[in-house]
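Have a look at the structure below before the remarks.
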Amino acid sequence: MILEKVAYMYMISDISEKNLFSGLDFISVLDGWSSLLPEGKYFIFDAELICVYAYEPCHISKSPKKELIGKKYGEFPNRFLPICEDKFLDALHGNPIQTEIEFDYHTFRIQISSISLPESKDKFVFLSELDITEEKRKEKDMLGVLEKQLCFLKQEEGLYKEIISIFNWRQEIEGKGGNRIWMKQALPNLNISLMQGSGIGALITTVGAVLEIAEKEETNAKIPLPFLNLLEDNFVTTKRLIQTMADAQIVFEESNMDMGEVTLGEVIHLVEIEADYLKDMFEIKKQQFIGSVLTDTNKQKIKICKKSLQSIVREVLINAMKYSPNMTNIMAIFLRTERDFIIKFINPPNYKEIEDLDCRNSEEIALFQPFFRLQKAVDERYVKEEFGIGLGLPVVKKLCEDMNAKVYFTISKSNIYENESKEICISLRFPME
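Numbering-wise (the UniProt record's numbering), the sequence shown opens with residue 1 and increments by one.
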């Protein structure tokens with residue numbers, strides 16, 4: 001490229017052809033355009049390898065030209081690159097050289113080529129030395145960033161695969177009812193559940209930012225306080241997320257419960273206590289809880305685990321809050337049949353996706369699969385949620401089954417809400433003793 005520029009300048013020069021091709025007269029015109037070339041050092045040697053032209057930018061020039069002209073390159077001061085004479089001879093015989101040399105903590109790109117002038121038998125050797133240290137540093141920094149990004153991607157991929165291996169629900173949900181399409185949507189949502197918002201994804205990103213911004217000194221490193229705060233926040237969230245997964249796995253693996261008989265009145269009171277405990281969660285979207293009244297509740301009994309029922313009520317109510325519009329009522333209706341006690345949690349839908357579920361074809365099964373989400377937005381305001389990341393409803397289903405109860409999910413025309421055409425109902429049916 002440099003020689004092409006030399007040839008171009010040579011062709012456009014106004015100096016007469018006679019003077020231009022007269023050997024060293026050609027050398028005399030180089031000063032006029034050498035400053036247009038990339039910043040570096042440029043030399044021309046004759047066939048005897050004697051320097052006939054030398055150019056260095058003013059800010060790096062330490063030797064007057066007259067100290068270099070008439071000398072062989074090997075006689076130049078020590079600050080010049082060590083280049084053996086054989087390389088010049090090779091170039092003179094038609095074997096150009098382009099290479100990079102490390103010298104005095106700098107990286108240089110050198111080019112050595114022969115120059116032949118028209119209508120002249122004289123041959124010259126052209127040498128260029130370009131300091132590319134800064135270019136190499138930027139290239140190294142860019143490669144470092146790319147390597148870190150690849151490392152983070154591999155970490156996320158590895159974590160994703162590890163979690164999939166722990167919560168492997170594909171065999172359980174495959175082939176049930178008409179929910180094959182929903183199954184394909186459920187498992188990919190695991191990545192959204194875990195990596196979106198704060199949590200593992202944000203923690204990995206924050207760690208990467210901290211590593212990038214840290215100023216390393218001998219035995220210590222400095223990082224800006226905002227990065228440390230961000231790291232701490234995401235660590236707390238990730239720790240909670242991992243604890244959630246651990247707690248959920250215990251629920252899914254164990255079936256032994258501390259079961260006991262309680263009256264229907266005690267169950268209703270338990271629901272009211274949980275609703276009161278979640279008052280601040282209802283305030284997030286300015287929602288209210290309304291419970292129905294059931295008379296004569298102290299005679300009939302059901303067998304439950306109180307701790308499990310508390311978790312069930314908490315998860316169902318928070319799920320209803322999340323998937324209901326602002327300033328709406330969430331209701332608990334208590335019913336009694338000849339054999340069963342039923343709790344119906346009813347809320348208006350906030351998303352069209354829920355209304356489109358076909359419960360008659362068992363598509364509601366998809367809602368009870370781990371990590372299934374109807375929306376790609378992760379609402380992290382509900383801090384009292386025990387089982388987040390899409391694990392809430394699956395836990396509800398598992399705990400109910402362990403208490404010999406059943407869970408139903410229905411969507412029907414609303415007979416309660418004035419401004420809504422549909423209502424969502426999760427029914428818990430317990431056999432009475």
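Glycine included, each C-beta is placed from N, C-alpha and C at the ideal position.
All of these numbers come straight from a predicted model, not from anything done at the bench.
For residue 268, the three-state secondary structure derived from DSSP is helix. Shown here, residue 140 sits in a helix according to DSSP, grouped into three states.
In the DSSP assignment, residue 127 is bridged to 43, 112.
Assigned with DSSP and collapsed to three states, residue 249 falls in helix. The beta carbon of residue 399 is closer than 6 Å to those of 308, 312 in its chain, skipping five residues each way along the sequence.
Within the stretch 270-338, the alpha helix (DSSP H) runs of at least 4 residues that lie entirely inside it are, in chain order, 279-284, 306-322. Distance between residue 430 and residue 342, taken at the CA atoms: about 6 Å.
Residue 350 carries a coil assignment under DSSP once its states are collapsed to helix, strand and coil. Here DSSP, grouped into helix, strand and coil, assigns residue 99 to strand. Within a 10 Å sphere around the beta-carbon of residue 347 sit 16 or more other beta-carbons, which makes this residue buried. DSSP places residue 428 inside the beta strand (DSSP E), whose first and last residues are 422-431. Annotation: the continuous beta strand (DSSP E) that includes residue 409 extends over 406-413.
With a cutoff of 8 Å on beta-carbon distance, residue 109 and residue 130 are scored as near each other. Apart from sequence neighbours up to five positions away, the residues of its chain that approach residue 107 with a beta-carbon distance below 7 Å are 100, 132, 133, 136, ordered along the chain.
Its chain contains 206, 209, 210, 213 as the residues whose beta carbon lies nearer than 8 Å to that of residue 227, once the 5 sequence neighbours on both sides are disregarded; these appear in chain order. The C-alpha of residue 405 lies about 27 Å from the C-alpha of residue 383. In this structure, the straight-line span from the alpha carbon of residue 247 to that of residue 379 is close to 20 Å.
Note that the C-beta distance between residue 344 and residue 335 is below 8 Å.
One thing to note: residue 125 has its Cβ within 8 Å of the Cβ of residue 92. Looking at 300, 293, 306, 338, the one whose alpha-carbon comes closest to that of residue 331 is 293. Closest by C-alpha distance to residue 350, out of 260, 329, 242, 255, is 329. The closest CA to that of residue 37, considering only 395, 55, 86, 76, is found on 55. The beta carbons of residue 391 and residue 319 sit no closer together than 8 Å.
Taking residue 95 as reference, the option from 433, 287, 111, 261 with the minimal CA-CA separation is 111. With 16 or more other Cβ atoms from the protein chains shown falling within 10 Å of its own Cβ, residue 245 counts as buried.
Its chain contains 203 as the residues whose beta carbon lies nearer than 7 Å to that of residue 235, once the 5 sequence neighbours on both sides are disregarded; these appear in chain order. Within its own chain, the residues whose Cβ lies closer than 6 Å to the Cβ of residue 275, once the five positions on either side in sequence are excluded, are 289, listed in chain order. A Cβ-Cβ separation of about 15 Å leaves residue 279 out of contact with residue 327 under the 8 Å criterion.
Within the DSSP secondary-structure output, residue 341 pairs in a beta bridge with 336, 430. With respect to residue 75, residue 49 sits apart: the two C-beta atoms are not nearer than 8 Å. With a 10 Å radius around the Cβ and a threshold of 16 neighbouring Cβ atoms, residue 238 comes out buried. Looking at the DSSP output, residue 106 sits in a beta bridge with 103. Within the same chain, and ignoring the five residues on either side of residue 339 in sequence, the residues whose Cβ sits closer than 8 Å to its Cβ are 431, 432. Under the 10 Å beta carbon count, residue 116 is surrounded by fewer than 16 other beta carbons and is classified as exposed.
Closest option to residue 407, judged by alpha-carbon separation, among 397, 415, 413: 397.
According to the DSSP secondary-structure assignment, residue 51 is paired through a beta bridge with 45.
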